[in-house]
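This report refers to the structure that appears directly beneath it.
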Amino acid sequence: MCVVPAGAPAPAPGRPRIDVAPGHSSTASTFRLIRWPRCRRRGRSIGGLGRSRNPTGAHNHRRRAVMDTRTIESYDLKYDGEHLIEVPGGAELYYELRGQGPQLTIINNFFIISPLWRNFTTRLVTRNRILTYDLRNQGASSAAETQLKFESHVEDLAHLLDALDIERTYLVGTSTSTLICRDFALAHPERVKGLIMVGPIFCPYGSRRRKYLTQSWLNTLASGGVKALFAHIYPLVYSDRTIENGGSPAYLALRERFLALNSYEQVHQNLSASLTSDDDPKKLERIVCPTLLLAGEADFLTCPSSLAAACRLLPAGGMQILDFSGHIPYFEATAAFEAAVQSFIDAAERR
């Protein structure tokens, strides 16, 4: 991979490049992986070309801290009813369906609950039908009665879609749930219209780093509980700008919600289950649907070169990097996150 200015001579045939056009975006940097003839036979990338100038129309990110205590305390976390679907094994999954349009299913990572997505999809819900749900062993869904297997999350998603008569859908995964999206797309390719992987936790080279990281979180959980785990994770997942602007009040407000939503047993089972998932790079080569890898510029788990390496493995992959955000850009750059997802869906619907 090489990064070259737009208009520069092309690399040798068969080698991809990332085009970077002049200019600066106050909300997002967009890079499209250009596939040369040898790669184009396998698929074409989706995404904007070059560096876009303020595509979301959001101008006030410098005026006020994105994540201050007022914003955090305003988050809607209320469950809006008893929408439960029973899946094999007797477990029940809580879900919410909102909006009209192309079907978009958002899969939680291990540390959030489905109602939280209302706060990050206010624009998306005006143009899409959005399904969110709590994973097994999370929020209002049933707790795991036995040792949780990671593949259970993939099976649960299939049963949930069946119960709701959803034949095909776009999938959004964040952090650990990008593994669920990846494995579901491999197990049920006919049901996935496209993948949006936000802060992908998988690596184009293998599983070791992710598993070392997960084990370090489990060690922190064992030695200090959920509060110590939050202290471990917080400086990793948010950008320096957000942490400095939010200060201690934002830290304490987020910690309060983290402790309320996550028990020791729940976190331990979920993290332990993720250790059983394999990141064989060949898995990405078998994903046939359009796929967007979306990451914050300060994501501690990836960098443009690694993201591009993963993108090259995908037959129909594209990548986008969002400014002023870290591992969870939907928190820190919500407008840019929603714009990126909508742009991807619009492009895929035109195919």
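Under this note's numbering, the first residue of the sequence shown is numbered 252, with each subsequent residue one higher.
Every residue, glycine too, gets a C-beta built ideally from N, C-alpha and C.
Item checked: Proximity winner among Pro455, Gly569, Val449 and Gln389, relative to Glu583 (alpha-carbon distances) -> Taking the first residue of the sequence shown as position 1, residue 583 is located at position 332. Among Pro455, Gly569, Val449 and Gln389, the Cα nearest to that of Glu583 is on Val449.
Notebook entry, point to check: In this structure, does DSSP put Leu548 in helix, strand or coil?
Noted result: Residue numbering aside, residue 548 sits at position 297 when the sequence shown is read from its first letter. One detail in the question is off: residue 548 reads as Glu in this sequence, not Leu. If DSSP states are grouped into helix, strand and coil, Glu548 belongs with coil.
Notebook entry, point to check: Alpha carbon to alpha carbon, what distance is there between Leu522 and Thr553?
Noted result: In the sequence shown, the residue the question calls residue 553 occupies position 302. In the sequence shown, the residue the question calls residue 522 occupies position 271. Taking the straight line from one Cα to the other gives about 20 Å.
Margin query: Check this for me: beta carbons of Ala549 and Ser576, under 8 Å apart or not?
Written below: As a first step, residue 549 is located in the sequence shown; it is residue number 298 there, counting from the start. As a first step, residue 576 is located in the sequence shown; it is residue number 325 there, counting from the start. Taking 8 Å as the Cβ cut-off, Ala549 and Ser576 qualify as a contacting pair.
Next item on the list: Note the first and the last residue of the continuous beta strand (DSSP E) segment covering Leu535.
Entry: Sequence index remark: in the sequence shown, residue 535 carries index 284 (1-based). Segment Lys533 to Glu536 is the alpha helix (DSSP H) holding Leu535; no beta strand (DSSP E) there.
Notebook entry, point to check: Taking the C-alpha atoms as reference points, what is the distance between Tyr502 and Glu347?
Noted result: Taking the sequence shown and counting its residues from 1, the one referred to as residue 502 is at position 251. Taking the sequence shown and counting its residues from 1, the one referred to as residue 347 is at position 96. Rounded to the nearest whole angstrom, the C-alpha separation of Tyr502 and Glu347 is 29 Å.
Margin query: Taking the alpha-carbon of Ala591 as reference, which of Leu544, Leu386 and Pro555 has the nearest alpha-carbon?
Written below: To locate residue 591, count along the sequence shown from 1; it is residue 340. Measuring from the Cα of Ala591, the nearest candidate turns out to be Leu544.
Notebook entry, point to check: Ser556: buried (16+ other C-beta within 10 angstroms of its C-beta) or exposed?
Noted result: Mapped onto the sequence shown, residue 556 falls at position 305. It counts as exposed.
Checklist line | Among Leu408, Arg387, Glu589 and Ser392, nearest to Gln398 - alpha-carbon criterion | finding: Counting from 1 along the sequence shown, the entry for residue 398 is found at position 147. The candidate whose alpha carbon is nearest that of Gln398 is Arg387.
Note to self: Quick check: what's the CA-CA separation for Ala560 versus Pro455?
What the structure shows: Numbered from 1 along the sequence shown, position 309 holds the residue referred to as residue 560. Numbered from 1 along the sequence shown, position 204 holds the residue referred to as residue 455. Their Cα atoms are separated by approximately 6 Å.
Checklist line | Exposure label - Glu589; buried when at least 16 CB within 10 Å | finding: Counting from one through the sequence shown, the residue named residue 589 turns up at place 338. Its Cβ being crowded by 16 or more others within 10 Å, Glu589 is buried.
Next item on the list: Please determine, among Phe481, Leu535, Thr465 and Gln351, the residue with the shortest C-alpha to C-alpha distance to Thr427.
Entry: Looking up residue 427 in the sequence shown gives position 176. If you compare the alpha carbons of Phe481, Leu535, Thr465 and Gln351 with that of Thr427, the shortest gap goes to Thr465.
Margin query: Assuming the contact rule is C-beta atoms closer than 8 Å, Gly243 and Ile358 should be a hit. Round their C-beta distance to whole Å, please.
Written below: Because the chain in this structure spans residues 252 to 602, residue 243 falls outside the shown range and cannot be described.
Note to self: Between which two residues does the alpha helix (DSSP H) holding Glu507 run?
What the structure shows: Along the sequence shown, one-based indexing puts residue 507 at 256. First-last of the alpha helix (DSSP H) with Glu507: Asp491 to Leu512.
Item checked: Per DSSP, cross-strand counterpart(s) of Glu589 -> Translated into positions along the sequence shown, residue 589 becomes position 338. Paired residues: none, contrary to the question.
Next item on the list: Per DSSP, which residues does Ile358 bridge with? Please list them.
Entry: Numbered from 1 along the sequence shown, position 107 holds the residue referred to as residue 358. Looking at the DSSP assignment, Ile358 forms a beta bridge with Tyr384 and Gly424.
Next item on the list: For Asp597, count neighbouring Cβ atoms within 10 angstroms of its own Cβ and tell me buried if that reaches 16, exposed if not.
Entry: For the purposes of this step, residue 597 is taken as the residue at position 346 of the sequence shown. Counting Cβ neighbours within 10 Å, Asp597 comes out exposed, since fewer than 16 surround it.
Check: Hey, how far is the Cα of Gly568 from the Cα of Lys534?
Finding: Working through the sequence shown from its first residue, we reach residue 568 at position 317. Working through the sequence shown from its first residue, we reach residue 534 at position 283. For Gly568 and Lys534, the distance between alpha carbons rounds to 13 Å.
Note to self: Quick check on the burial criterion: 16 or more other C-beta atoms within 10 angstroms. Buried or exposed for Tyr421?
What the structure shows: Reading the sequence shown from its first residue, position 170 is the one you call residue 421. So Tyr421 counts as buried.
Checklist line | Residue environment, Ser467, which counts as buried when at least 16 other CB atoms sit within 10 Å | finding: On the sequence shown, position 216 is the one that residue 467 refers to. Ser467 comes out exposed.
Margin query: Under 7 Å: does the beta carbon of Tyr330 sit that close to some heavy atom of the ligand GTP?
Written below: The ligand GTP is not among the ligands present in this structure, which contains no ligands whatsoever.
Next item on the list: Could you tell me the boundaries of the alpha helix (DSSP H) in which Tyr515 lies?
Entry: Stepping through the sequence shown from its first residue, residue 515 is reached at position 264. Run containing Tyr515: Tyr515 to Ser525, per the alpha helix (DSSP H) assignment.
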